[in-house]
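S.K.: Chains as they are written, first to last, in the numbering used here: chain W, 32 to 75; chain L, 9 to 420.
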Amino acid sequence: MDATTVIAVICSVVVFAGWLVLPHSATTVKPVVIEEREPVRVSA
Amino acid sequence: MKIDSGDTAWVLASAALVMLMTPALGFFYGGLVRRKNVLSTIMHSFFILCLISVQWVLWGYSLAFGPDKGHIIGGLEWVGLNNVGFTPNADYAPTIPHQAFMLFQMMFAVITPALISGAFAERQRFKAFVLFSLLWATFVYDPIAHWVWGAGGWLHNLGALDFAGGTVVHISSGVSALVAALVLGRRLGFGKRKVEPHDATMVVLGAALLWFGWFGFNAGSALGAGALATSAFVVTNTAAAMAALTWMTVSWWHKKQPSVIGAAAGAVAGLVAITPASGFVNVMGAIVIGFGAGVVCYLAIQLRERIKVDDALDVWAVHGIGGTWGALATGLFATVAINSAAANGLFYGNPRQALVQLVAIGASWGWSIVGTFAILKFVNLIVPLRVHEDEEVIGLDLSQHGEPAYATINAN
Chain W
32 MDATTVIAVI CSVVVFAGWL VLPHSATTVK PVVIEEREPV RVSA
Chain L
9 MKIDSGDTAW VLASAALVML MTPALGFFYG GLVRRKNVLS TIMHSFFILC LISVQWVLWG
69 YSLAFGPDKG HIIGGLEWVG LNNVGFTPNA DYAPTIPHQA FMLFQMMFAV ITPALISGAF
129 AERQRFKAFV LFSLLWATFV YDPIAHWVWG AGGWLHNLGA LDFAGGTVVH ISSGVSALVA
189 ALVLGRRLGF GKRKVEPHDA TMVVLGAALL WFGWFGFNAG SALGAGALAT SAFVVTNTAA
249 AMAALTWMTV SWWHKKQPSV IGAAAGAVAG LVAITPASGF VNVMGAIVIG FGAGVVCYLA
309 IQLRERIKVD DALDVWAVHG IGGTWGALAT GLFATVAINS AAANGLFYGN PRQALVQLVA
369 IGASWGWSIV GTFAILKFVN LIVPLRVHED EEVIGLDLSQ HGEPAYATIN AN
């Protein structure tokens, strides 16, 4: 196994293992700030 | 030289794939801005497709790939595609018509200034954007393309490896984006109110289309339909996927939730980073490059936020830093087992290649900074770079183009 392969395996383990241990926080709804003009109204 | 129909078909199809990337970029960027600026943002990409398509056939291709002048720039012998016909050019692509190569390269020249537009989104005057893009393509992109890819270019002669545009496309656009963000200044209200992307679905769709087009970008750069194109295709997909996984992991750890837009941005970062390496590294190298892209580009965004630079859509972090990482990684992981016409990198016993890559990175950064700064200052003398404050408040869609992106239907 060459050095590139060793590093690639380590990177993959870090990522895949990371997904197993990462916590998932309860959803917190972020307020979206609307800071725009009113949409233009077009007659149908 | 005999034209190969398979190679020609692949390069023409790849040119079409790369063409699609520019409007895809418009949708990727368009989803990230506020709804009052979405049309103007998409227009940046769409307009550049038109502008540079004409610039390229008139003089851009000649400056980038024409007969070498002092290892710095191409001559004017190919202006208006004079002497650029259907006979293959042995220096660039010996099995396809010269015009097919020219067309493929045109699409790279098109998307590069379009990438910069993400930095000055939501505040640049359209007329200034047009003038800047034309000058930037001529005085920044064309020379760097000649240095790296042109026959006789000094970085080409030095042995710099850039398969599909890590230095030429991504470092040049990403670094120029940083300069543009600094020169234009921050958007109104920057740092006081969080600006949310107005349409995350558009962002993901744009990223997916970019990913699709990138197969033409990288695998098409083999300029033939064969093993090298296949290898480039495989490593491109692998790096994009690995970078998206890595970005999501890092952002999950940092922000406690896996971000959808983060996944899209991570994939783009991986595609950027694998671009210079795609014809030189194996699939293990691609995994490392994708992993690195996911980490360094995410960290670059945190740095950009901390120093309060308003690079609106993080062009510098994704393209400038991702391209730099990719160009350096090419000097680490390149192997002649993939491309016998190239060179080994540091990890395969050739430390010189890493040094050559650093020279190419430094030259691309340097010229992009100097050239972009000078062009912006020049343009500002002719037409103000920024819109007025009231125009910025009502949005660029109405103030610059007189068209809203979304209209509501009046039931009456």
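Glycine residues also receive a C-beta, built at the ideal position from the N, C-alpha and C atoms.
1. Am I right that ILE104 of chain L and LEU231 of chain L are in contact with their C-beta atoms under 8 Å? What's the rounded C-beta distance?
2. DSSP three-state call for ILE315 of chain L: helix, strand or coil?
3. For the alpha helix (DSSP H) that contains SER43 of chain W, what are its first and last residues?
4. Which residue from L:PHE128, L:GLU399, L:VAL212 and L:LEU253 puts its Cα closest to that of ALA272 of chain L?
5. Which bits of chain L does LEU53 of chain W rub up against, with CB to CB less than 9 Å?
6. How about ILE295 of chain L: is its C-beta nearer than 9 Å to some C-beta of chain W?
7. Starting from SER125 of chain L, trace the alpha helix (DSSP H) in both directions and tell me its first and last residue.
8. Using three-state DSSP, classify GLN132 of chain L as helix, strand or coil.
9. Alpha carbon to alpha carbon, how far is GLY160 of chain L from TRP8 of chain L? Give it in angstroms, no decimals.
10. Could you have a look at ASP170 of chain L and say whether DSSP puts it in helix, strand or coil?
11. What whole-angstrom Cβ distance do GLY82 of chain L and GLY158 of chain L have, given they're in contact under 8 Å?
12. Give, in chain order, every unbroken run of the alpha helix (DSSP H) that is at least 4 residues long and sits entirely within the region 343-408 of chain L.
13. Following the continuous alpha helix (DSSP H) through LYS263 of chain L, name the residue where it begins and the one where it ends.
14. Determine which residues share a DSSP beta bridge with ASN97 of chain L and list them.
15. THR209 of chain L: buried (16+ other C-beta within 10 angstroms of its C-beta) or exposed?
16. Go ahead and label TRP86 of chain L buried or exposed: buried means 16 or more other beta carbons lie within 10 angstroms of its beta carbon, across all protein chains shown.
17. Between which two residues does the alpha helix (DSSP H) carrying ASP15 of chain L extend?
18. What residues of chain W sit near MET110 of chain L, judged by a beta carbon separation below 9 Å?
M.R.: Once the coordinates are examined:
1. By 1-based counting over the second sequence, the position of residue 104 of chain L is 96. By 1-based counting over the second sequence, the position of residue 231 of chain L is 223. Indeed, because the Cβ distance is near 7 Å, the residues count as touching under 8 Å.
2. As a first step, residue 315 of chain L must be located in the second sequence, where it is residue number 307. DSSP, read as helix, strand or coil, puts ILE315 of chain L in coil.
3. In the first sequence, the residue the question calls residue 43 of chain W occupies position 12. Note, SER43 of chain W: alpha helix (DSSP H), 34-52.
4. Along the second sequence, one-based indexing puts residue 272 of chain L at 264. Closest in C-alpha terms to ALA272 of chain L, from the list L:PHE128, L:GLU399, L:VAL212 and L:LEU253, comes L:VAL212.
5. Along the first sequence, read from residue 1 onward, the residue named residue 53 of chain W stands at position 22. Simply THR257, TRP260, TRP261, LYS264 and PRO266.
6. Counted from its first residue, the second sequence places residue 295 of chain L at position 287. Chain W, which has a Cβ nearer than 9 Å to the Cβ of ILE295 of chain L, makes this yes.
7. The count along the second sequence starts at 1 and reaches residue 125 of chain L at position 117. Bounds of any alpha helix (DSSP H) do not take in SER125 of chain L, whose DSSP letter is neither H nor E.
8. Position 124 of the second sequence, counted from the start, is the residue given in the question as residue 132 of chain L. Three-state result, GLN132 of chain L: strand.
9. The structure shown does not extend to residue 8 of chain L, since chain L is modelled only from 9 through 420, so no value can be given for it.
10. Taking the second sequence and counting its residues from 1, the one referred to as residue 170 of chain L is at position 162. ASP170 of chain L sits in coil when the DSSP states are folded into three classes, being neither helix nor strand.
11. As a position in the second sequence, residue 82 of chain L is number 74, starting the count at 1. As a position in the second sequence, residue 158 of chain L is number 150, starting the count at 1. Rounded, the Cβ-Cβ distance is 6 Å, consistent with contact.
12. When DSSP assignments are scanned along the region 343-408 of chain L, the uninterrupted stretches of alpha helix (DSSP H) that are 4 or more residues long and fall wholly within it turn out to be 359-390 and 397-402.
13. Taking the first residue of the second sequence as position 1, residue 263 of chain L is located at position 255. In this chain, the alpha helix (DSSP H) harbouring LYS263 of chain L covers 235-263.
14. Stepping through the second sequence from its first residue, residue 97 of chain L is reached at position 89. ASN97 of chain L is bridged to L:ALA101.
15. One-based indexing of the second sequence puts residue 209 of chain L at position 201. If you draw a 10 Å sphere on the C-beta of THR209 of chain L, you find fewer than 16 other C-beta atoms in it, and that means exposed.
16. The sequence position of residue 86 of chain L within the second sequence is 78, counting from 1. Counting the other CB atoms within 10 Å of its CB gives TRP86 of chain L a total of 16 or more, which places it among the buried residues.
17. Position 7 of the second sequence holds residue 15 of chain L. Looking at the DSSP string, the run of the alpha helix (DSSP H) that includes ASP15 of chain L is 13-40.
18. As a working note, residue 110 of chain L is residue 102 in the second sequence. Within chain W, no residue has its beta carbon less than 9 Å from that of MET110 of chain L; the closest one is some 36 Å off.
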